[in-house]
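Taking numbering that gives the first Met the number 0, the leading residue of the sequence shown gets 0, the next gets one more, and so forth.
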Amino acid sequence: MQTVSNILSLRELRREWQLTGKRIAFVPTMGNLHAGHLSLVTEAKANSDIVVVSIFVNPLQFGAEEDLDNYPRTLAEDSEQLKALGVDVLFTPTVADIYPRGLEQQTFVEVPGISYMICGASRPGHFRGVATIVSKLFNMVQPNIAFFGEKDYQQLQVIKAMVTDLSMNVEVVGVPTMRHDDGLAMSSRNGYLTEAERATAPTIAHVLTHIKAQIESGNRQFKQLISEGNAVLKEAGFKPDYIEIREAFTLQAASFEDKELVILGAAFLGKTRLIDNLQVSL
Ligand code: AMP
Numbered sequence: 000m001q002t003v004s005n006i007l008s009l010r011e012l013r014r015e016w017q018l019t020g021k022r023i024a025f026v027p028t029m030g031n032l033h034a035g036h037l038s039l040v041t042e043a044k045a046n047s048d049i050v051v052v053s054i055f056v057n058p059l060q061f062g063a064e065e066d067l068d069n070y071p072r073t074l075a076e077d078s079e080q081l082k083a084l085g086v087d088v089l090f091t092p093t094v095a096d097i098y099p100r101g102l103e104q105q106t107f108v109e110v111p112g113i114s115y116m117i118c119g120a121s122r123p124g125h126f127r128g129v130a131t132i133v134s135k136l137f138n139m140v141q142p143n144i145a146f147f148g149e150k151d152y153q154q155l156q157v158i159k160a161m162v163t164d165l166s167m168n169v170e171v172v173g174v175p176t177m178r179h180d181d182g183l184a185m186s187s188r189n190g191y192l193t194e195a196e197r198a199t200a201p202t203i204a205h206v207l208t209h210i211k212a213q214i215e216s217g218n219r220q221f222k223q224l225i226s227e228g229n230a231v232l233k234e235a236g237f238k239p240d241y242i243e244i245r246e247a248f249t250l251q252a253a254s255f256e257d258k259e260l261v262i263l264g265a266a267f268l269g270k271t272r273l274i275d276n277l278q279v280s281l
């Protein structure tokens with residue numbers, strides 16, 4: 000595995016792969032890798048000749064009050080894990096290389112509508128930061144195929160919309176959420192939880208699972224299911240941000256006729272904001 004932090008060196012490698020007709024897969028991450036990230040890498044490996052993984056903690060997608068400075072950075076361990084999986088290139092650009100003119104004047108990519116709802120409403124500018132960095136990384140790596148986790152369901156839909164809207168020549172693939180045995184979705188942010196919070200954290204997955212089971216058994220009282228879910232979260236000690244039942248692709252409020260739904264939840268446990276979602280196919 001080659002570790003490259005310089006954009007020009009990456010472009011040089013990209014040129015060589017192009018000449019030999021290699022199919023390039025890309026997995027963008029912010030590092031602190033866990034089995035969820037690694038499942039994306041395994042999928043990438045199975046679907047390409049060359050796998051590029053990036054690790055870049057993107058300041059543009061963090062709000063002023065969020066955890067940019069404290070975000071876990073574990074490059075040495077991450078690098079070992081990626082090497083063991085046979086990744087070809089680990090791309091670790093610097094903030095100065097990615098945003099040479101500074102964040103204030105940075106040209107941005109914004110996917111309207113879908114970026115403003117749900118998590119986008121709670122985290123203004125977040126999906127603009129995500130769409131901007133992913134489009135920049137796509138321009139650098141120029142992958143044929145890129146892998147994103149369904150864990151960040153809204154992010155996946157924003158990226159798909161961006162690729163469609165900007166006619167990007169990249170296939171975007173969603174990979175199912177990896178969970179701990181108790182149901183908690185794996186996340187770098189789980190590391191912030193105290194022991195007691197970690198014991199409570201799976202409740203969010205349990206609440207979504209209960210709602211899913213209710214919908215599958217014919218319950219269409221979405222408002223009631225949501226308010227009951229919020230009550231369970233509060234009772235367990237969460238500060239719920241939202242529970243939503245949405246159409247799976249547009250993320251508009253679900254109607255009774257919709258067959259593909261997604262149940263999304265976000266809640267604070269102490270200072271940590273956890274998100275999760277489950278898809279329902281009727
Ligand atoms: P992050 O480092 O949090 O930006 O995540 C990098 C990629 O890994 C994103 O596409 C995430 O959706 C994906 N990811 C994060 N957690 C999981 C998980 N538990 N299962 C599957 N994919 C995940």
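Every residue, glycine too, gets a C-beta built ideally from N, C-alpha and C.
Are the beta-carbon atoms belonging to residue i and residue j less than 8 Å from one another?
i       : j       : result
Asp-275 : Leu-207 : yes
Leu-39  : Val-157 : no
Leu-67  : Leu-192 : no
Phe-126 : Met-167 : no
Asn-57  : Gly-124 : no
Leu-273 : Ile-113 : no
Ser-47  : Ala-75  : no
Val-133 : Leu-9   : no
Arg-197 : Asn-189 : yes
Arg-14  : Gly-62  : no
Ala-34  : Met-185 : yes
Gln-278 : Ala-247 : yes
Asn-31  : Arg-72  : yes
Residue range of the beta strand (DSSP E) that residue i falls in?
i       : result
Pro-146 : The question names Pro, but residue 146 is Phe in the sequence shown. That run of the beta strand (DSSP E) goes 144 to 148.
Leu-277 : 271 to 280
Lys-238 : 238 to 246
Ile-117 : Segment: none, Ile-117 is in no beta strand (DSSP E) and carries neither H nor E.
Val-140 : Val-140 -> not in any beta strand (DSSP E); alpha helix (DSSP H) instead, spanning 125 to 140.
Thr-2   : 1 to 3
Ala-24  : 23 to 28
Would you say the beta carbon of residue i comes nearer than 7 Å to a heavy atom of the ligand AMP?
i       : result
Leu-84  : no
Asp-181 : no
Ser-38  : yes
Thr-176 : yes
Gly-264 : no
Phe-147 : yes
Ser-4   : no
Asp-151 : yes
Met-29  : yes
Gly-62  : no
Gln-154 : yes
Gly-119 : no
Ala-212 : no
Ala-43  : no
Ala-184 : yes
Gly-128 : no
Gly-190 : no
Between residue i and the rest of its own chain, which residues show a CB-CB distance below 6 Å, the 5 nearest in sequence each way excluded?
i       : result
Phe-146 : Val-26, Leu-39, Glu-42, Ala-43, Val-172, Val-174
Tyr-241 : Ala-265
Leu-28  : Note that residue 28 is Thr in the sequence shown here, rather than Leu. Within the same chain, Thr-28 has close Cβ partners His-36, Ile-54.
Arg-245 : Ala-253, Val-261
Ile-49  : Trp-16, Lys-21, Ile-23, Asp-87
Gln-105 : Tyr-98
Phe-237 : Ala-266, Leu-268
His-209 : none
Lys-222 : none
From which residue to which residue does the alpha helix (DSSP H) around residue i run?
i       : result
Asp-257 : Counting along the chain, Asp-257 falls outside any alpha helix (DSSP H), and DSSP gives it neither H nor E.
Leu-7   : 6 to 18
Val-94  : 94 to 97
Skipping 5 residues on each side, what residues in its chain have a beta carbon closer than 8 Å to that of residue i?
i       : result
Gln-1   : Leu-12, Asp-87, Val-88, Leu-89
Met-161 : Val-108, Val-110, Ala-130, Val-133, Ser-134, Met-167
Lys-258 : Ser-280, Leu-281
Leu-155 : Phe-147, Gly-148, Glu-149, Val-171, Gly-173
Val-3   : Leu-9, Leu-12, Val-88, Leu-89, Phe-90, Thr-91
Leu-165 : Val-108, Ser-134
Got a sec? Which residues, its chain only, sit under 7 Å from residue i by beta carbon, not counting five neighbours each side?
i       : result
Pro-201 : Asp-181, Gly-182, Leu-183
Ile-117 : Gln-153, Tyr-241, Glu-243, Leu-250, Leu-263
Thr-199 : Ala-235, Gly-236, Leu-268
Quick check: does the Cβ of residue i come within less than 7 Å of any heavy atom belonging to the ligand HEM?
i       : result
Ser-187 : In the structure on display, the ligand HEM does not appear, and the ligands it does have are the ligand AMP.
(message) Extract the residue ranges of the alpha helix (DSSP H) inside the stretch 153 to 227, only unbroken runs of 4 or more that lie entirely within it.
(response) Every alpha helix (DSSP H) stretch that sits fully inside the stretch 153 to 227 and reaches 4 residues is listed by chain position as 194 to 199, 202 to 215.
(request) Enumerate, from N- to C-terminal direction, the unbroken alpha helix (DSSP H) stretches of 4 or more residues contained entirely within the stretch 43 to 75. (result) If we require 4 residues or more, the stretch 43 to 75 turns out to have no alpha helix (DSSP H) run fully inside it.
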